Amino acid sequence: MITRQRLAVGLCALLAALTAGFAFPAGAVADETTADAPKVDLVLDVSGSMRARDIDGGSRMAAAKQAFNEVLDATPEEVRLGIRTLGANYPGDDRKTGCKDTAQLYPVSTLDRTEAKTAVATLSPTGWTPIGPALLKAADDLDGGTGSHRIVLITDGEDTCAPSTRARWPGRSRPRASGSPSTPSVWCRTAS
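Oh and the sequence shown: position 81 is 81 in full-length UniProt numbering, straight run, nothing missing.
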């Protein structure tokens, strides 16, 4: 119950971040070019810590997948959306390898909700939590175009590959966050 309430608060913050700056004048959407379309890269934590069960009995991964699906359903059609995972592929003990485990699951492009949901539904908690490297790669995923860019991180916040680069992004705005270490959080970063 507590996890679901915190998740709802985080989701509200996420939806506000997604829609901020995405309003277009009536009739303008048809005139928008691909270069001007807003871009969002959702970064989903699939690390081993997401297996943990919270007080309501649900896993952190289940809560994150629910939040992810709600975000997809609320994403405006004009938004070009991508999905990046962290901790999804390497189950081993080698920290150096585990801390590089981030992959683009779905490229930043026109959103196919069914395809995106299917890709995420198959994920299961696996490895390390390289939040910093995943956010840096997500910034690369968003390169190009003149529209707004957003990175949204859905995580429990337990970075096993610290020090995180979140606070040290040269020339980039500082991230804003909501949530707590025991609840999947929504981290938002904006850049122009």
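Cβ coordinates follow ideal geometry from the N, Cα and C atoms, glycine included. This one's a predicted model, so the numbers in the text were calculated from it and none came from an experiment.
Expressed to the nearest angstrom, what Euclidean distance is found between the alpha-carbon atoms of residue i and residue j?
i           : j    : result
I83         : S109 : 10 angstroms
D159        : R150 : 21 angstroms
G57         : D45  : 19 angstroms
A52         : S124 : 12 angstroms
D36         : D93  : 43 angstroms
R113        : E77  : 10 angstroms
P107        : A88  : 16 angstroms
A103        : D41  : 12 angstroms
T75         : A139 : 19 angstroms
V71         : D143 : 22 angstroms
C161        : V152 : 19 angstroms
M50         : R60  : 5 angstroms
S148        : S47  : 29 angstroms
D54         : T126 : 18 angstroms
residue 200 : A134 : Limits of the chain in this structure are 1 at one end and 192 at the other, which puts residue 200 out of reach.
T146        : W128 : 34 angstroms
G132        : T118 : 26 angstroms
N69         : L105 : 15 angstroms
Y90         : G98  : 6 angstroms
Which residues bound the alpha helix (DSSP H) around residue i?
i   : result
R95 : 95-98
Taking all protein chains shown into account, do 16 or more other C-beta atoms lie within 10 angstroms of the C-beta of residue i, making it buried, or fewer, making it exposed?
i    : result
K96  : exposed
P38  : buried
A121 : exposed
R80  : buried
I154 : buried
P130 : buried
D101 : buried
G157 : buried
A116 : buried
D141 : buried
Following the continuous beta strand (DSSP E) through residue i, name the residue where it begins and the one where it ends.
i    : result
V152 : 149-155
G82  : 80-86
Measuring from the CB of residue i, is there a heavy atom of the ligand NAD at a distance below 7 angstroms?
i    : result
L135 : With respect to the ligand NAD, the structure offers nothing, as it holds no ligand at all.
Sequence ranges, beta strand (DSSP E) only - wholly within the segment 111-135, length at least 3 = none
Residue ranges of each beta strand (DSSP E) run of no fewer than 3 residues wholly in the segment 31-60, ordered along the chain?
-> 39-45
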